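Data block below; observations after.
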Amino acid sequence: MTNKICACCGQPFEPRPQVPDQAYCSSPNCQRARKRQWQRAKLQSDSDYRINQRAAQQAWSQRNQEYWRDYRDARPEYAQRNREQQRARDQSGNTGLAKMDVCDLPSGLYRITRHPAFPLENSDSWIVEITPVCVTCPCKMDVSREDLIDTKTIAP
Ligand SMILES: [Zn+2]
160 MTNKICACCG
170 QPFEPRPQVP
180 DQAYCSSPNC
190 QRARKRQWQR
200 AKLQSDSDYR
210 INQRAAQQAW
220 SQRNQEYWRD
230 YRDARPEYAQ
240 RNREQQRARD
250 QSGNTGLAKM
260 DVCDLPSGLY
270 RITRHPAFPL
280 ENSDSWIVEI
290 TPVCVTCPCK
300 MDVSREDLID
310 TKTIAP
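If you're matching positions, the sequence shown starts at 160 in our numbering and goes up one per residue.
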């Protein structure tokens, strides 16, 4: 069995016998990269797929909006606190955080750090800063252990 070089992380790996053309190694990061790559190619070549994806995203977005509207309706104190926090942000002139709602984050590796401007937030929510580590090829980045959140709790 000849080793191949992973198209994502550049490490040699042994392709599985069932997949002689395997271009990505079996590490989860590289498999994610492979799926993204596949999806990108698919989106470009297949207009039905493109339309389906967009419809699925819109449906999700719709459900998501309804979910949060119901959530807020069911918990007036949550909406109230949100409004107060928003007002505080508006007054501090810090609109960057609110803009995150509309900005389209590509999938990739991000570092979430508690925002230093809000150290006293001790309730059930944190104000965090999301910094892209590497958007295109996560496995090329040398991510040290302490940057990783307990992935068991966020993995699907
Ligand atoms: Zn790899």
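Ideal Cβ positions, reconstructed from N, Cα and C, are used throughout, including at glycine. These numbers were taken from a predicted model, which means no experiment stands behind them.
So with Cβ pairs under 8 Å, would you call Q217 a contact of chain C? Here there is only one protein chain, and chain C is not present.
Does N188 pass the burial test, meaning 16 or more other C-beta atoms within 10 Å, or should it be called exposed? buried
Under 7 Å Cβ to Cβ from K170, same chain only, skipping five residues before and after it: list those, please. Looking at the sequence shown, residue 170 is not Lys but Gln. Closer than 7 Å at the Cβ level, and outside the excluded window around Q170, lie C184.
Can Q170 be considered in contact with ligand 2, in the sense that its beta carbon sits closer than 7 Å to one or more heavy atoms? Inclusion of ligand 2 in the displayed structure is not the case, the ligand content consisting of ligand 1 alone.
From the DSSP output, in three-state form, read off P187 for me. helix
From the DSSP output, which residues share a beta bridge with P171? I164
Contacts around A166, its chain only, beta-carbon distance under 6 Å, and the 5 residues preceding and following it disregarded: A182, Y183
Put R199 into one of helix, strand or coil per three-state DSSP. helix
Is the closest heavy atom of ligand 1 to the C-beta of S186 under 7 Å? yes
Hey, R273 and T290 are a contact pair by Cβ (cut 8 Å); roughly how many whole angstroms apart? No, R273 and T290 are not in contact; Cβ-Cβ is about 12 Å, not under 8 Å.
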